[in-house]
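Residue numbers (our numbering), protein chains in the order written: chain A, 1 to 216; chain B, 1001 to 1216. Notes follow the structure.
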DNA sequence: CAGCGGAACTTAACGCCGTTAAGGAGCGTG
DNA sequence: CACGCTCCTTAACGGCGTTAAGTTCCGCTG
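Put into structure tokens, the structure is as follows:
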């Protein structure tokens, strides 16, 4: 037992602890009492810092994004293509860094304007390259929802990089689908090699932007 | 009180009732006792038909998909572009037909092979057009995760078509972002006109497929 | 036609969850 | 020294998903 008095919590320390715990127990195991335990505090204490659990999840999503941009400063020499590549690969890496990361992220709203600066910078780059504002927004959000959707699906079978969710058997799937040979063969192409497939899909979208808006 | 005896439930009738209820109360209000009430049955009765709540959600997702393909028979004369357009617009329409539809859908796994036939048919069309199997899979899943991600984001602000989620004020957002003029102006471009924006993004992806794989 | 077995439920209960209410310890300020 | 604020605890609530045990009724078999 320590003689010192506890240093009070704040929103960030709670979000940090919750993000740590998330990787151990997943979203369904992420209870307020478990988070409190991690912090040496009882569950209701968290209500001093957050109005409800969703507010804490929002802070967690915001913190995830904060860590992402902390790890990457935008290169002014980037082309728009490189910028899209980097930011979406970084987004995927970030989301995959947490169990159920995509679910937590897409189910929440930012508690601050962390994303505004990156957004502004990207829009500046794009409009300076020749995109209209509307085109720039379309380009950025289309890649964004692609990445979000991809990781959501990915984490449905691989909660964390390298792990496989239980009850999922690729061979069993192929056997059940023997009446649909192409679809059966597609299984190996769908549920493996996520890194390469993500990159390929992202390049498709980027090529589409270039083709549709006539910008190299 | 009726003299007739209750006709027993089955998985489909439960899933139907649950899907109806979903639109009234949303995913967070979709409790087993509420579903039971809808069917004139107590909550534990549902465990006769489903091993747990997730199994019921899985059946709901499967039923959503079943209804989608029931409403659309594939036209053999479709080009691959038309096929991608139709199937992804149909998917979005389906998901938007249920409150939290995208969340329910992407958090579940099919309980039967409903999707195999459509998949097979699409893969046949694509490979016959000149795509390799790997390219065909990439084309189909890339558009698929785009649509899933799009509707997930869309339903974050518009739970059902035409409604707006509470606590979301576009003007307030613009005011908070006054230091980031482009990002602020982008708000109107992001959070409105989802129909047009979805179509535009989908066309981007389709153009990207054509450009990247050299197929018209 | 009696009796049996299984199908399809109900009732009761469990532990846990998010959340609220009330209260209390420790601190700075007048 | 008392007050008030910050930050937490204890106690309690209703509701949730789930399990166990018991009940009812149908259809089959001998």
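Even glycine gets a Cβ: it sits at the ideal position worked out from N, Cα and C.
Cutoff 8 Å; reference residue i; Cβ partners in own chain excluding five residues on either side
| i | result |
| --- | --- |
| residue 129 of chain A | 79, 80, 215 |
| residue 227 of chain A | This structure cannot settle anything about residue 227 of chain A, because the visible part of chain A is limited to 1 through 216. |
| residue 1121 of chain B | 1074 |
| residue 1156 of chain B | 1165 |
| residue 27 of chain A | 99, 100, 103, 104 |
| residue 1054 of chain B | 1108 |
Counted within 10 angstroms of its Cβ, other Cβ atoms place residue i as buried (16 or more) or exposed
| i | result |
| --- | --- |
| residue 1096 of chain B | buried |
| residue 1163 of chain B | exposed |
| residue 106 of chain A | buried |
| residue 1145 of chain B | buried |
| residue 1070 of chain B | exposed |
| residue 201 of chain A | buried |
| residue 1083 of chain B | buried |
| residue 1194 of chain B | buried |
| residue 13 of chain A | exposed |
| residue 1161 of chain B | exposed |
| residue 1076 of chain B | exposed |
Residues near residue i in its chain [Cβ-Cβ closer than 6 Å; skip 5 each side]
| i | result |
| --- | --- |
| residue 1101 of chain B | 1095 |
| residue 11 of chain A | 49, 59 |
| residue 1168 of chain B | 1157 |
Same chain, Cβ closer than 7 Å to residue i, five either side skipped, listed in chain order
| i | result |
| --- | --- |
| residue 1142 of chain B | 1205 |
| residue 184 of chain A | 174, 177, 178 |
| residue 112 of chain A | 62 |
| residue 171 of chain A | none |
| residue 198 of chain A | 92, 150 |
| residue 1036 of chain B | 1042, 1043, 1045, 1046 |
| residue 217 of chain A | Residue 217 of chain A lies beyond the stretch modelled for chain A, which goes from 1 to 216, so this question has no answer here. |
Contact under 8 Å by Cβ, residue i with residue j
| i | j | result |
| --- | --- | --- |
| residue 124 of chain A | residue 1182 of chain B | yes |
| residue 119 of chain A | residue 1043 of chain B | no |
| residue 1062 of chain B | residue 1137 of chain B | no |
| residue 1034 of chain B | residue 1025 of chain B | yes |
| residue 1208 of chain B | residue 52 of chain A | no |
| residue 1134 of chain B | residue 189 of chain A | yes |
| residue 1030 of chain B | residue 1009 of chain B | no |
| residue 1116 of chain B | residue 191 of chain A | no |
| residue 150 of chain A | residue 139 of chain A | no |
| residue 1065 of chain B | residue 1126 of chain B | no |
| residue 72 of chain A | residue 90 of chain A | yes |
| residue 1152 of chain B | residue 1092 of chain B | no |
8 Å Cβ cutoff, residue i in contact with chain A
| i | result |
| --- | --- |
| residue 1176 of chain B | yes |
| residue 1007 of chain B | no |
| residue 1171 of chain B | no |
| residue 1149 of chain B | yes |
| residue 1204 of chain B | yes |
| residue 1209 of chain B | yes |
| residue 1145 of chain B | yes |
| residue 1084 of chain B | no |
| residue 1189 of chain B | yes |
| residue 1212 of chain B | yes |
| residue 1072 of chain B | no |
| residue 1134 of chain B | yes |
| residue 1090 of chain B | no |
| residue 1127 of chain B | yes |
Contact with chain B by residue i, beta-carbon distance below 8 Å
| i | result |
| --- | --- |
| residue 106 of chain A | yes |
| residue 180 of chain A | yes |
| residue 10 of chain A | no |
| residue 263 of chain A | This structure cannot speak to residue 263 of chain A, because chain A is shown only from 1 to 216. |
| residue 197 of chain A | yes |
| residue 215 of chain A | no |
| residue 201 of chain A | yes |
| residue 57 of chain A | no |
| residue 113 of chain A | yes |
| residue 138 of chain A | yes |
| residue 142 of chain A | yes |
| residue 152 of chain A | yes |
| residue 124 of chain A | yes |
| residue 67 of chain A | no |
| residue 185 of chain A | yes |
| residue 192 of chain A | no |
| residue 61 of chain A | no |
Proximity test, residue i beta-carbon vs the ligand COA heavy atom, cut-off 7 Å
| i | result |
| --- | --- |
| residue 1152 of chain B | For the ligand COA, the structure offers nothing, since it holds no ligand at all. |
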